[in-house]
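Following: one structure in structure tokens, then a few remarks.
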Amino acid sequence: RTWVLIFGWSLALCAGLVNVVAYRSWGLYVSHMTGDTTAIGMRIEGVHQRNVHIFKFQQATLLLLSFLFGAFMCGMLIDKNQVH
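Numbering (my numbering) for the sequence shown: 5 to 88.
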């Protein structure tokens, strides 16, 4: 199943490319949610220490919530019997 390996590599390449462009544009990672949850925690600490503006915290939180909403919608749209 070489095509599965090629498809997996192409998805990883696309995710990395999107991540780099988004980080260079907005300063946020958009394809790796573990990094965003860490960023939320660090920004909460920074807000309490008055080192980070609240806008950065809101931006990271909105990004995480958007990902969760998209994952929920995909789960609702894709029939459970189609994906194995």
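Ideal Cβ placement from N, Cα and C applies to all residues, glycine included.
Tell me the residue span of the alpha helix (DSSP H) that contains SER35. Unbroken run through SER35: none, as it is neither H nor E.
So what does DSSP say about ARG28, is it helix, strand or coil? helix
Out of TRP30, CYS78, SER35, PHE73, which one is the CA nearest neighbour of PHE61? TRP30
Is ALA64 closer than 7 Å to ILE44 when the C-beta atoms are compared? yes
For GLY20 and ILE48, the rounded distance between their alpha carbons: 26 Å
Just to confirm, is the Cβ distance from LEU15 to ASP40 under 7 Å? no
What is the rounded straight-line gap between the Cα of GLY74 and the Cα of VAL8? 24 Å
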